[in-house]
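Under this note's numbering, residues 31 to 488 are what the sequence shown spells out, in order.
Think of the CB as a built atom: it goes at the ideal place given N, C-alpha and C, for glycine as much as any other residue.
Take a look at the structure below.
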Amino acid sequence: MNSLDSHYRRSLRRFIVPLGLLICVLLLALLAGILVVANQQTRSVDGAQRRLVTAALRMNQTDLRRTSIDYGTWEDVGAHLIDSKDLDWTDTNVGLSVFRTFGVDYVFVVQPNGETVFAFQDGARIEAKVEDVLTQGLTPLLAEALRWMPGNAVVGNLLAEGTPAMATAAPLALRNPLSKQRLPILIFVKRLDTEIMTELEQASALHDLQLQAQRPADLTSVPIETIDGNPVSYLAWRSAHAGAELLWVALPIWAALVLACAASGYFLHRRINAAARLLSVGEWQVRHDPLTGLPNRIRLSERLEETCGNLIESQHGFALLYLDLDGFKAVNDSQGHDAGDQVLRAVADRIRTQLAPCDLAARLGGDEFAVLLLPVPFPDVARSRAEALIEAICRPIRLESGVEVQVGTTIGVTVAPQDGLTPDTLLRRADDALYEGKRRGKTRVCFANQVPQRASVD
């Protein structure tokens, strides 16, 4: 019996031990694979962030270059500054203009021989030589710019009074240049200040973005280089440690192969949470407008159905306001669709400021909005709320380009239960009231009971 028992033990051991060793090898191989993938993912995400930062910097440089070309090809600049020595005109139309509109910190005009003929800093003319203000990176920038004709510009980085900055240098067009005359150079400089750093940090989803004089060993960074490749500073940030996040997920999975039941429960819980988050996001997207973040027509219809259903029981009247923007098409056509989107977002924000906790605002499409006011005991309340909306929307809107535009709105109002008891009736009568208001002169409030009967017959 003991001999047979020992035989079975040895037989089981011959099967179990190799299997156990194989599992151990597989677990170790899996652990090694996880570590390799985590390291690769960290490197991949860091590389992607470097590309994002570089692209964001390049975008800022491109904007600055475009501005310098615009001013460099404007012959009035050369005529007033170089020909007429009119520094006051240059202060106002170049220095102050680009400082206020584009945030350009320094403006210099330099003759081909290196003489500084105009210097402007932070909104005021200064008496300074360009080489005393702009140091590392200036010489190759000027040398490259002197090779070009108006309509081109060189972009690079340099130090402005010891601070890293972006710079462009563009040949300055003259009205009557001499044959083969070397042209003055117009230089625009923007410091990498807090505003730009914050913009880069947000655009690239970085953590603790900062400037470092030397390449930091413990931070991810990209060099800020002059056009000849010499670094003047480094943009550094804390790595996202994407690989560490992977380890937080993968190591429990690895441990789950040893503790199968606990790991299965853990990952099932994570998958359910992830699925719930996806469903929640999907639910929100179905019922909201992606441009403004306001509820859309679907959500408005649901809320109207619910409110109309409770109307008899609650005995509380409500008002439905139908808004259509006046003058929006002109802004959209003249300033472009991006400007139109900015206007719609601004209008949505202003509508939000006028809402009470129980109210609902929705974008119905295009430049049409609706506001559900709950409760509204008297029509005069709806009128005062509608007039407040018109006042808020009619205020000038400053676009990202710096241009100010203005739109108005005409509002059609239905009041329940006087004007209807169903969502379709209320929406239709509000729409009728809206277009009656536009017919009467726009930027006004028109109630459904003011619409001729033939226009609002159910």
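Practice task
Enumerate in chain order the residues of its own chain whose CB-to-CB distance from lysine 472 is below 8 Å, with the five nearest sequence positions on each side excluded.
Solution key: Translated into the one-based positions of the sequence shown, residue 472 becomes position 442. Taken in chain order, the residues that qualify are Asp356, Gly438, Thr440.
Practice task
Please state whether DSSP places valine 55 in a helix, a strand or coil.
Solution key: As a first step, residue 55 is located in the sequence shown; it is residue number 25 there, counting from the start. Note: valine 55 maps to helix in three-state DSSP.
Exercise for the section: Grab the span of the beta strand (DSSP E) containing leucine 419 for me, first residue to last. Expected result: On the sequence shown, position 389 is the one that residue 419 refers to. It is not in any beta strand (DSSP E) - leucine 419 instead sits in the alpha helix (DSSP H) that spans 409–424.
Practice task
Identify the continuous alpha helix (DSSP H) that holds lysine 359 and give its terminal residues.
Solution key: Position 329 of the sequence shown, counted from the start, is the residue given in the question as residue 359. It spans 358–365 - the alpha helix (DSSP H) in which lysine 359 sits, taken as one unbroken run.
Exercise for the section: Rounded to whole angstroms, what's the CA-CA distance from alanine 203 to phenylalanine 148? Just pull it up for me. Expected result: Counting from one through the sequence shown, the residue named residue 203 turns up at place 173. Counting from one through the sequence shown, the residue named residue 148 turns up at place 118. In a straight line, the C-alpha of alanine 203 is about 15 Å away from that of phenylalanine 148.
Exercise for the section: Give the single residue among Leu241, Leu287, Gly259, Val443 whose Cα lies nearest to the Cα of tryptophan 267. Expected result: Here the question's residue 267 lines up with position 237 in the sequence shown. When each option's Cα is compared against that of tryptophan 267, the closest is Leu241.
Handout entry: For methionine 179, the three-state DSSP class (helix, strand or coil)
Key = Start at 1 with the first residue of the sequence shown, and residue 179 comes out as number 149. Coil at methionine 179, not helix or strand.
Problem - Backbone CA spacing between valine 184 and glycine 125 [nearest angstrom] - result: Along the sequence shown, read from residue 1 onward, the residue named residue 184 stands at position 154. Along the sequence shown, read from residue 1 onward, the residue named residue 125 stands at position 95. Cα-Cα distance, rounded: 19 Å.
Handout entry: Continuous beta strand (DSSP E) assignments of at least 3 residues falling wholly in the stretch 59–133
Key = none
Problem - Nearest-angstrom beta carbon gap, glycine 450 and cysteine 476 [assumed within contact, 8 Å] - result: On the sequence shown, position 446 is the one that residue 476 refers to. On the sequence shown, position 420 is the one that residue 450 refers to. Their Cβ separation, rounded to whole angstroms, is 16 Å, which puts cysteine 476 and glycine 450 out of contact at 8 Å.
Handout entry: Buried versus exposed, by CB contacts within 10 Å (16 or more), aspartate 371
Key = If you number the sequence shown from 1, residue 371 lands on position 341. Aspartate 371 is exposed by the Cβ-count criterion.
Practice task
Check whether the Cβ of leucine 341 sits closer than 6 Å to any heavy atom of the ligand NAP, and report yes or no.
Solution key: With respect to the ligand NAP, the structure shown offers nothing to examine, as it has no ligands at all.
Practice task
State buried or exposed for phenylalanine 408, treating a residue as buried only when at least 16 other CB atoms are found within 10 Å of its CB.
Solution key: One-based indexing of the sequence shown puts residue 408 at position 378. Exposed, by the Cβ-count rule.
Handout entry: Alpha carbon of arginine 413 to alpha carbon of alanine 422, nearest angstrom
Key = Here residue 413 corresponds to residue number 383 of the sequence shown, with the count starting at 1. Here residue 422 corresponds to residue number 392 of the sequence shown, with the count starting at 1. Taking the straight line joining both Cα atoms gives about 14 Å.
Handout entry: Simplified DSSP assignment, three categories, for glycine 295
Key = Within the sequence shown, residue 295 is the residue found at index 265, counting from 1. The predicted model places glycine 295 with a pLDDT of 41, which falls under 50 and marks its position as unreliable, so this point remains unresolved.
Problem - Simplified DSSP state of isoleucine 302, which is helix, strand or coil - result: Taking the sequence shown and counting its residues from 1, one reaches residue 302 at position 272. For isoleucine 302, the predicted structure reports a pLDDT of 49, less than 50, and the residue's modelled location is therefore unreliable. A value from the coordinates is still provided. If DSSP states are grouped into helix, strand and coil, isoleucine 302 belongs with the helices.
Handout entry: Continuous alpha helix (DSSP H) stretch holding glutamate 185: start and end
Key = Counting from 1 along the sequence shown, the entry for residue 185 is found at position 155. Note on identity: in this sequence residue 185 is valine, with glutamate being the wrong assignment. Segment 184–190 is the beta strand (DSSP E) holding valine 185; no alpha helix (DSSP H) there.
Practice task
Spatial neighbours of arginine 393 within its chain, please: CB distance less than 7 Å, with the 5 preceding and 5 following residues excluded, ordered by chain position.
Solution key: For the purposes of this step, residue 393 is identified with residue 363 of the sequence shown, where counting begins at 1. Hits under 7 Å: Asp319, Thr322, Leu324, Asn326, Ala378, Phe399.
Handout entry: Cβ pair leucine 111, threonine 120 closer than 7 Å
Key = The residue labelled residue 111 in the question sits at position 81 within the sequence shown. The residue labelled residue 120 in the question sits at position 90 within the sequence shown. Yes, the pair counts as a contact, with Cβ atoms nearer than the cut-off.
Handout entry: Test item: CB-CB of aspartate 199 and arginine 221 under 7 Å
Key = As a first step, residue 199 must be located in the sequence shown, where it is residue number 169. As a first step, residue 221 must be located in the sequence shown, where it is residue number 191. The residue asked about is misnamed: residue 199 is alanine in this sequence, not aspartate. No, the Cβ-Cβ distance between alanine 199 and arginine 221 is not below 7 Å.
Practice task
Pull up the distance between the alpha-carbon of histidine 346 and that of leucine 402, whole angstroms please.
Solution key: Counted from its first residue, the sequence shown places residue 346 at position 316. Counted from its first residue, the sequence shown places residue 402 at position 372. If you take the alpha carbons of histidine 346 and leucine 402, they lie about 13 Å apart.
Problem - Assigned exposure category for valine 219 - 16 Cβ within 10 Å defines buried - result: The residue labelled residue 219 in the question sits at position 189 within the sequence shown. Valine 219 should be labelled buried.
Exercise for the section: Give the straight-line distance between the Cα atoms of methionine 227 and aspartate 248, rounded to the nearest whole angstrom. Expected result: Position 197 of the sequence shown, counted from the start, is the residue given in the question as residue 227. Position 218 of the sequence shown, counted from the start, is the residue given in the question as residue 248. If I take the Cα positions, the gap works out to 20 Å.
Exercise for the section: Quick one: residues in its chain with C-beta nearer than 6 Å to the C-beta of arginine 375, no 5 flanking neighbours on either side, listed in chain order? Expected result: If you number the sequence shown from 1, residue 375 lands on position 345. The answer, listed in chain order, is Thr322.
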